[in-house]
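Respectively, the protein sequence lines represent chains B and L. Per the UniProt record's numbering, the first sequence starts with residue 1, numbered consecutively. Per the UniProt record's numbering, the second sequence starts with residue 1, numbered consecutively. Glycine residues also receive a C-beta, built at the ideal position from the N, C-alpha and C atoms. None of these values were measured; they are calculated from a predicted model.
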Amino acid sequence: MGEVRRLQEAGVLVFSWLCGVLLLGAVIAVIGYLFVHGWRSISLSLIFGATPPLDALLMKRHVFNGLFPAVVGTLSLIVLSVCWAIPIGMASGIYLAEYAGAGTKAFLNLFFDILAGLPSIVVGLFGFSAAIFLNRLFPGSIHPCLLISSIALAFLVLPYIIRTTQMALEGLPLSARLTALSLGASKLQNITHVLLPQSLSGIVSGVILAIGRCAEDTAVIMLTGVVASAGVPRSLFSHYEALPFYIYYISSQYTDREELATGYGAAIILLCICMVLFLTAFVIKRQVSYHALYRA
Amino acid sequence: MEKAVKIRTENLCFSYNGRTILHKTSIEFAEREITAIVGPSGSGKSTFLLTLNRLWEAIPRCSLQGTVAMNFDGSFHDIYREGYPVTRLRRQVGMVFQIPNPLPMSIYRNVAFPLQLKGGLTKETIRAQVEDCLRKARLWDEVHDRLHSSALDLSGGQQQRLCIARALILQPEVLLLDEPTSALDHATAAAIEELLLELKKNCTILLVSHYLNQVTRIADTVIELHNGTLVRKGEKA
């Protein structure tokens, strides 16, 4: 008996190790592949073309043959979408975890599961129809643009933020819930001073998922305002360029190997943007939880 | 002379998870006394305390019938009356849990937290009160040089005293203590008992305790919770 049990334990351990190695290997292979094909094309001129970088950053001159407009477009798109989605998603998550009765909760859970399962192309179509509708309502002033894309994307990532907020709050032990209440905190004070700060890690993981999704999504933006060449977006109501669309466009239309390499380069830049945004989310989380919990 | 009554329960029924903890219990607790609540483990002593600050309302699958009235400012108030301000009740009825429950904050903020929630006090007043309460709970000497480090790094006994200090800072009229000395050594437990005797001068204390000698040392009245009823066991002469 003892021998069999020992083998079982060892088997599970080996299997877990193998799965871990497989996953890690896959991630390294994908990123490695990108770098092998793309690192040669990475240079300042890939981003800024022939325009001096400082002039481009200060918006003094347009960048024509570089990725700068797409970088700015993607960044604004992610930041805008996440900014719409965070307050609404967190509020819904808080409502579900702390206020909703059993019936409402079951109904809304089903509803948000359906929302989470919507293919992005359907969300894109919805955004497209909304743009057309708005265009009829205000002729000439509203057409597919950055604002509509970001709102459609926010719908796409809302379920992540709702779910992670709800799960993080519901996962807190009863003792953590009762402490502040026993000290005279109102329900809202308990949520804002104690429960939310303790759930920040979970909420941030939802935000990171959302950032990743906004960065990669092509289906939604293709239908709601992205174009191959528009320059840096001038306002919320203008067309824009975006990296994932550029990658898609280049990979389907490239004429030579060099052009394809710029697609890989764009993919590396997209990864770097995501990394920077993830790190920003972590730093904000640390600052917020420090201020909420430890500041005297 | 008969002592004034602070808390009065009438036909109090309480069940948790479908299990009856209290069944039609009517009992009175005298003002400025230490009442010990004893009884076998699992009889619901800790749960009974939760009916006196309405904290059970935050726990799923609990139900309560009957009334609890407390004497605040010279007259009795039904704490379950609709619209009764529950946050004020919980400031007047402090509680120390059996398992220390410091919040994941600094030592200082843990103790200052109830005052910050209440609001309307200057930082200096809060600082002075934090020091006062930490001294009363016999913790000041051990933590005065690291008030801003995490309370979670304290030992179990220190956390227990931190929670006592935190419960004292609102100067409650009633104090519900669930085995407040279970994690303390003899000397510190004795110091806390001394503190309770001191607090008794202007506070009504309900103490759940398993230590018979502690009960006989400091309690004025002993009440046993058994089979869903509270029975008065004895009073000090």
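To the nearest angstrom, how far is it from the Cα of residue i to the Cα of residue j?
i              : j              : result
residue 3(L)   : residue 208(L) : 21 angstroms
residue 17(L)  : residue 63(L)  : 9 angstroms
residue 44(L)  : residue 81(B)  : 51 angstroms
residue 172(B) : residue 165(L) : 24 angstroms
residue 36(L)  : residue 219(L) : 6 angstroms
residue 229(B) : residue 26(B)  : 34 angstroms
residue 143(B) : residue 220(B) : 15 angstroms
residue 86(B)  : residue 161(B) : 7 angstroms
residue 120(L) : residue 7(L)   : 29 angstroms
residue 159(B) : residue 192(B) : 21 angstroms
residue 150(L) : residue 107(L) : 6 angstroms
residue 185(B) : residue 6(B)   : 52 angstroms
residue 51(L)  : residue 75(L)  : 20 angstroms
residue 53(B)  : residue 44(B)  : 8 angstroms
residue 178(B) : residue 58(L)  : 7 angstroms
residue 166(B) : residue 285(B) : 17 angstroms
residue 13(L)  : residue 228(L) : 9 angstroms
residue 90(L)  : residue 137(B) : 55 angstroms
residue 149(B) : residue 235(B) : 13 angstroms
residue 233(B) : residue 273(B) : 18 angstroms
residue 126(L) : residue 9(B)   : 56 angstroms
residue 145(L) : residue 159(L) : 16 angstroms
residue 50(B)  : residue 66(B)  : 8 angstroms
residue 184(L) : residue 157(L) : 5 angstroms
Using a C-beta to C-beta distance shorter than 7 angstroms, which residues of chain B count as neighbours of residue i?
i              : result
residue 58(L)  : 177, 178 and 181
residue 180(L) : Within chain B, no residue comes near residue 180(L); the closest Cβ sits about 14 angstroms away, beyond 7 angstroms.
residue 253(L) : Shown here, chain L extends from 1 to 237; a query on residue 253(L) therefore has no answer.
residue 113(L) : 183
residue 53(L)  : 182
residue 95(L)  : 182
residue 170(L) : 184
List the endpoints of the continuous beta strand (DSSP E) containing residue i.
i              : result
residue 234(L) : 229 to 235
residue 6(L)   : 5 to 16
residue 78(L)  : 75 to 78
residue 69(L)  : 62 to 72
residue 93(L)  : 93 to 96
I want to verify the contact list: residues of chain L whose CB lies under 8 angstroms from the CB of residue i, in sequence order.
i              : result
residue 194(B) : 103
residue 70(B)  : Near residue 70(B) there are no residues of chain L at all, since even the closest Cβ is about 42 angstroms away, more than 8 angstroms.
residue 198(B) : 104
residue 294(B) : 105, 106, 109, 148 and 150
Helix, strand or coil for residue i per DSSP?
i              : result
residue 16(B)  : helix
residue 218(L) : helix
residue 234(B) : coil
residue 41(L)  : coil
residue 47(B)  : helix
residue 60(B)  : coil
residue 25(L)  : strand
residue 211(L) : coil
residue 65(B)  : coil
residue 94(B)  : helix
For residue i, list the residues DSSP reports as bridge partners.
i              : result
residue 83(B)  : For residue 83(B), which the question treats as bridged, DSSP gives no partner whatsoever.
residue 30(L)  : 5(L)
residue 226(L) : 229(L)
residue 299(B) : Not covered by the structure: residue 299(B). The range shown for chain B is 1 to 296.
residue 205(L) : 34(L) and 175(L)
residue 104(B) : Answer is none; residue 104(B) lacks a bridge partner.
residue 19(L)  : 16(L)
residue 150(L) : 106(L)
residue 355(B) : Since the first residue of chain B shown is 1 and the last is 296, residue 355(B) is not available in this structure.
Mind listing the chain L neighbours of residue i? Cutoff is C-beta to C-beta under 7 angstroms, in chain order.
i              : result
residue 186(B) : 87
residue 174(B) : 59
Could you give the first and the last residue of the continuous alpha helix (DSSP H) run that contains residue i?
i              : result
residue 83(L)  : Where residue 83(L) is concerned, there is no enclosing alpha helix (DSSP H), given that its DSSP letter is neither H nor E.
residue 226(B) : Taken as a continuous stretch (DSSP letters only), residue 226(B) belongs to no alpha helix (DSSP H), as it is neither H nor E.
residue 145(B) : No alpha helix (DSSP H) contains residue 145(B), which DSSP labels as neither H nor E.
residue 140(L) : 140 to 143
residue 255(B) : It is not in any alpha helix (DSSP H) - residue 255(B) carries neither H nor E in the DSSP assignment.
residue 156(L) : 156 to 168
residue 178(B) : 174 to 182
residue 125(L) : 123 to 136
residue 59(L)  : Per DSSP, residue 59(L) belongs to no alpha helix (DSSP H) and is neither H nor E.
residue 129(B) : 120 to 137
residue 188(L) : 186 to 199
Could you name the residues of chain B that residue i contacts, counting a contact when the two beta carbons are closer than 9 angstroms?
i             : result
residue 91(L) : 183 and 184
residue 99(L) : 175
Note down, in chain order, every chain L residue with its Cβ under 9 angstroms from the Cβ of residue i.
i              : result
residue 189(B) : 87 and 117
CB of residue i to nearest heavy atom of the ligand FMN: below 7 angstroms?
i              : result
residue 233(L) : The ligand FMN is not part of this structure, which contains no ligands at all.
For residue i, which residues in chain B fall below 8 angstroms Cβ to Cβ?
i              : result
residue 166(L) : 183
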